[in-house]
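Enquirer:
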Amino acid sequence: GIRDTSVTGVQTCALPICALLTYARVNEKRLVIIPRYRRTQMPERSREEAYYGDLLGAEVDFLEPETDNPSYAAVDMGGVSVAIDPTLGYESLARGTRTAMFSMRGAICGLKGYSFGWPLNVAETGFFWTNRTDVAEFFLILDRLYAVTEADWQTELVACGISDLIYSNLGNSILQRILLDELGPPA
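The numbers in the working numbering rise by one with no breaks, and the one at position 38 of the sequence shown is 38.
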């Protein structure tokens with residue numbers, strides 16, 4: 001979703017989002033956006049809706065399950081998720097969800113640390129990611145993600161070392177242990 005409404009954010013979001021709309025239409029897929037802002041967060045939500053509406057030239061379908069953590073619930077609903085730099089994309093990978101990572105902000109803006117997998121030494125492009133602004137590569141990655149079996153997807157995650165980058169700790173037991181060690185038991 002959109003996380004940055006500055007010119008930089010618009011530049012890095014527009015190309016892949018428009019490409020996703022084309023891919024969805026050609027392949028008879030449903031394109032939905034996981035919004036950053038909830039319906040109750042105005043005026044931010046209105047600006048987000050206007051941004052996507054202007055960009056896509058169509059009514060935007062937002063996916064927002066009515067839960068305490070709608071973003072996590074949305075990525076867990078199945079299918080393929082696509083992330084353009086945001087943390088939710090990495091968290092989706094850690095949860096085992098088929099996720100395409102289009103991390104182009106570093107290449108477009110000349111910024112270090114914005115490529116997929118940073119700070120690890122990861123190739124510019126791989127099975128489910130690219131740091132390039134290449135629509136054909138976006139489509140190839142999406143085709144792979146829709147075609148891969150669940151077992152082969154899990155193998156890809158292990159092979160690329162995703163657990164060296166991020167892993168899921170449902171319930172935050174690690175954080176809870178650190179807080180307990182540092183602060184002691186709750187009063």
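Quick reminder that beta carbons are idealized off the backbone N, C-alpha and C, glycines included. Keep in mind the model is a prediction, meaning the values are calculated, not measured.
(1) Please classify R177 as buried or exposed, where buried requires at least 16 other C-beta atoms within 10 Å of its C-beta.
(2) Put G9 into one of helix, strand or coil per three-state DSSP.
(3) Can you list, in chain order, the residues of its chain whose CB lies under 6 angstroms from that of S6, leaving out five sequence neighbours each side?
(4) Give a yes or no on contact between the stretch 46-61 and the stretch 119-133, applying the rule of three or more CB pairs nearer than 8 angstroms.
(5) Judging by CA-CA distance, which residue of E137, D85 and V148 is the nearest neighbour of G117?
(6) Verify whether the separation of the beta carbon atoms of L157 and G96 is less than 8 angstroms.
(7) Per the DSSP calculation, M77 is bridged to which residue(s)?
(8) Answer with buried or exposed for Y51, where buried requires no fewer than 16 other C-beta atoms within 10 angstroms of its C-beta.
(9) So, helix, strand or coil for I33, using DSSP?
(10) Taking contact to mean 3 or more Cβ pairs, one atom from each stretch, closer than 8 angstroms, check whether the stretch 141-153 and the stretch 105-115 are in contact.
(11) Exposed or buried, which one is S81 when buried takes at least 16 other CB atoms within 10 Å?
(12) Measure the beta-carbon distance from A24 to F138 and round it to whole angstroms, keeping in mind my assumption that it falls under 8 angstroms.
(13) How about P16 and F102: are their beta carbons less than 8 angstroms apart?
(14) Assuming I162 and A94 make a contact with CB atoms under 8 angstroms, what is their CB distance in whole Å?
(15) If we call anything under 8 angstroms between Cβ atoms a contact, is R132 one with A159?
Expert: Well, looking at it:
(1) R177 counts as exposed, since fewer than 16 other C-beta atoms from the protein chains shown sit within 10 angstroms of its C-beta.
(2) At G9 the pLDDT is 43, less than 50, meaning the model places this residue with poor confidence; the figure from the coordinates comes in the next sentence. Helix at G9.
(3) In this prediction, S6 scores a pLDDT of 40, lower than 50, which makes its location untrustworthy; the coordinate-derived value is nonetheless stated afterwards. Counting only residues of its own chain and dropping the five nearest sequence neighbours on each side, S6 has no CB closer than 6 angstroms to any other CB.
(4) Note that the stretch 46-61 does not touch the stretch 119-133; fewer than 3 beta-carbon pairs, one per stretch, sit closer than 8 angstroms.
(5) Measuring from the Cα of G117, the nearest candidate turns out to be D85.
(6) Result yes, Cβ atoms of L157 and G96 sit closer than 8 angstroms.
(7) In DSSP, M77 forms no bridge with anything.
(8) Its Cβ being crowded by 16 or more others within 10 Å, Y51 is buried.
(9) In the structure shown, I33 falls within a strand segment according to DSSP collapsed to helix, strand and coil.
(10) No, the stretch 141-153 does not touch the stretch 105-115.
(11) Around the C-beta of S81, 16 or more other C-beta atoms lie within 10 Å, and the residue is accordingly described as buried.
(12) Actually they are not in contact, since the Cβ atoms of A24 and F138 sit about 12 angstroms apart, beyond 8 angstroms.
(13) Going by beta carbons, P16 and F102 fall inside the 8 angstroms limit.
(14) With a Cβ gap of about 7 angstroms, I162 and A94 count as contacting.
(15) No, these two residues do not count as a Cβ contact at 8 angstroms.
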